[in-house]
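Heads up: the structure comes next, in structure tokens.
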Amino acid sequence: MPEFKLADRLATLPPYLFAAIDKAKAEVAAKGMDIISLGIGDPDLPTPEFIIDALYQGAKKPVNHRYPSYVGMLAFRQAVADWYKERFNVDLDAQTEVVSLIGSKEGIAHFPLAFVNPGDTVLVATPNYPVYGIATEFAGGTVEYLPLLEENDFLVDLDAIDNDTWQKAKMIFVCYPNNPTAAVATRDFYKRLVEKAKEFNVIVVSDAAYTEIYYDPANKPLSIMEIEGAKDVAIEFHSLSKTYNMTGWRVGMAVGNPTLISGLGKIKENVDSGIFQAVQEAGIAALQKGEPHAEKFRAIYKERRDVVCDALAKVGIQHRVPEASFYIWSKVPEGYTSSEFVTNVLKQTGVVLTPGNGFGTPGEGYFRISLTVNNDLLKEAVSRISKL
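At position 121 of the sequence shown (counting the first as 1) the number is 1046 in the numbering used here, and the numbers step up by one without a gap.
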């Protein structure tokens, strides 16, 4: 049998973080250990029934059985624009400033193909969702990582980026509320980022998938699109996955600068055939009627957050109490690296955590907990960890 060599772009990739975690989890489970998975951020709560009903009704329509629009039904894009207006007071043209996505991961992965040429520099704030860097490298770009440090509240230190770096940069990836640190961007940070991007003609790529998982209604996370001038330089990726527990549905959106939206749309015309229209109709229902359900989900995550933070404090594990997202960013106990700690925890207790260094070098010394199981399992997980 002949051997087929992988393309260099794949052969040089490290194992995808969450695929590697799933493999380790399966190995431990095969030994008969009871697994509690606090690794991947996949909500355990069910999709609201009214969204499922909308999918069912949409699936019965013959018109939805044909190829959908590459950029999404106008009705879905208008629902996105209406939601942005209501949630962020941002005006969007559904025709030119919104594109539908088969989940935000798809859009983020494809976006560099539209604007990054071989050799272009892309700035990525790290620790980070691994797709930012991987997508850049697939497009032939060069990644320059910007460390997110605790002393800066895990915000990009814009003053530490010299003018030469800004001059050569094609785009910059940021994510707030942040995965994995749960940090939240301030208005001043976004304002300064937009100013820098306009000054040096840099594209801002904002991953805002967690804006609706917040715990203080008086201090809701921002969209970068709220900042004056953001549409001149920015594209923002969002998703229905976390807000409405629709991770498996694969439906999201990107909004912002018309040229950036159009460029991503051109890539999508050539690599996918759009989202099943019944799913888009379900997405419209979620955007129009989902807020009361999202509020209930936030209350559940807040209770889980408090349970875990109280338990971590009792066993002396340092951590940040998140204002948003369903992640808790915690410090590894002394004497371990991130990988050593989570591997030991998994093998000894069956609890799956995510090593901080899996999100980038500045994540060394930390681990991430996902609040995506019920309170009893969360308490049991921390109890097991405390006995190591």
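A virtual CB, placed ideally from N, CA and C, is assigned to each residue, including glycine.
Report yes if the C-beta distance between Y1169 and I976 is below 8 Å; otherwise report no.
It is a contact, given that the beta carbons lie within the stated cut-off.
Tell whether a beta-carbon distance below 8 Å holds between N1282 and G1288.
With respect to the 8 Å criterion, N1282 and G1288 are classified as neighbours on the basis of their beta carbons.
Can we count F1162 as close to the ligand HEM, meaning its CB is less than 7 Å from some heavy atom?
With respect to the ligand HEM, the structure shown offers nothing to examine, as it has no ligands at all.
Just to confirm before moving on: does the CB-CB distance between I1005 and L1212 stay below 8 Å?
Reading off the sequence, residue 1005 comes out as Val, not Ile. Cβ atoms of V1005 and L1212: closer than 8 Å.
Using three-state DSSP, classify I1027 as helix, strand or coil.
Three-state DSSP puts I1027 in coil, outside helix and strand.
P1142 by DSSP, collapsed to three states: which one?
DSSP places P1142 in helix when its eight states are reduced to three.
Please confirm if the segment 1065-1082 is in contact with the segment 1220-1236, defined as three or more CB-CB distances below 8 Å between the two stretches.
The segment 1065-1082 vs the segment 1220-1236: no contact.
Are the Cβ atoms of V1233 and L1296 separated by less than 8 Å?
Contact: yes.
Which two residues bound the contiguous beta strand (DSSP E) that contains D1016?
Secondary structure note for D1016: it is in no beta strand (DSSP E), with a DSSP letter that is neither H nor E.
For K1093, name the three-state secondary structure that DSSP assigns.
K1093 falls in the helix class under three-state DSSP.
If you draw a straight line from the alpha carbon of E1031 to that of P1105, how long is it in whole angstroms?
For E1031 and P1105, the gap between their C-alpha atoms comes out near 19 Å.
Is Y992 helix, strand or coil when you go by DSSP?
Coil, per DSSP.
Sort D1007, E1062, Y1054 by Cα distance to N1042 and report the nearest one.
The option with the nearest alpha carbon to N1042 is E1062.
Counting only the same chain and skipping the five closest in sequence on each side, list residues whose C-beta sits under 7 Å from that of K1304.
So the qualifying residues of the chain are V1232, A1236.
If we require 4 or more residues per run, which alpha helix (DSSP H) segments fall completely within the segment 926-961?
Whole alpha helix (DSSP H) segments, 4+ residues: 933-936, 942-954.
Assigned secondary structure, P973 (DSSP; H/G/I helix, E/B strand, else coil)
Taken through DSSP and simplified to helix, strand or coil, P973 comes out as coil.
Measuring CB to CB, does Y992 end up less than 8 Å from E1194?
No, the Cβ-Cβ distance between Y992 and E1194 is not below 8 Å.
Who does T1168 pair with in a DSSP beta bridge?
According to DSSP, which records beta bridges pairwise, T1168 is partnered with nothing at all.
What residue ranges within the segment 1037-1075 form continuous alpha helix (DSSP H) runs of no fewer than 4 residues, ordered along the chain?
Within the segment 1037-1075, the runs of alpha helix (DSSP H) that reach at least 4 residues and sit entirely inside it are, in chain order, 1056-1063.
Hey, is the segment 1063-1070 in contact with the segment 1111-1127, meaning 3+ C-beta pairs nearer than 8 Å?
Between the segment 1063-1070 and the segment 1111-1127, the count of C-beta pairs closer than 8 Å stays below three; the two stretches do not touch.
Less than 8 Å between the CB atoms is what I'm expecting for F1079 and N1103, so what's the real figure, rounded?
Between F1079 and N1103, the beta carbon gap of about 6 Å places them in contact (Cβ cut-off 8 Å).
CA-to-CA distance, A1133 to L970, given in whole angstroms
Each residue's alpha carbon lies about 21 Å from the other.
Can you name the start and end residues of the alpha helix (DSSP H) that V1204 belongs to?
Counting along the chain, the alpha helix (DSSP H) containing V1204 begins and ends at 1202-1214.
Short check: CB of V1176 to CB of E1161, under 8 Å?
No, the pair does not count as a contact, with Cβ atoms beyond the cut-off.
Taking the beta carbon of E1206 as the centre, do at least 16 other beta carbons fall within 10 Å, making it buried, or is it exposed?
Buried.
In the DSSP assignment, what residue or residues form a beta bridge with A1179?
BP columns for A1179 point to V1024, F1162.
Is D1132 helix, strand or coil by DSSP?
Under the three-state reduction of DSSP output, D1132 falls in the strand class.
Answer with buried or exposed for G1260, where buried requires no fewer than 16 other C-beta atoms within 10 angstroms of its C-beta.
Under this definition G1260 is an exposed residue.
By Cβ distance below 8 Å, which residues in the same chain neighbour A936 in space, the five residues on each side in sequence not counted?
Shown here for A936: same chain residues with a beta carbon closer than 8 Å to its own, the five before and five after excluded, namely K930 in chain order.
N- and C-terminal bounds of the alpha helix (DSSP H) containing I1253:
Following the DSSP letters along the chain, one finds I1253 in no alpha helix (DSSP H) but inside the beta strand (DSSP E) bounded by residues 1252-1256.
When the distance is taken between beta carbons, is I1294 closer than 8 Å to L1278?
Their beta carbons are under 8 Å apart, which means L1278 touches I1294 by this criterion.
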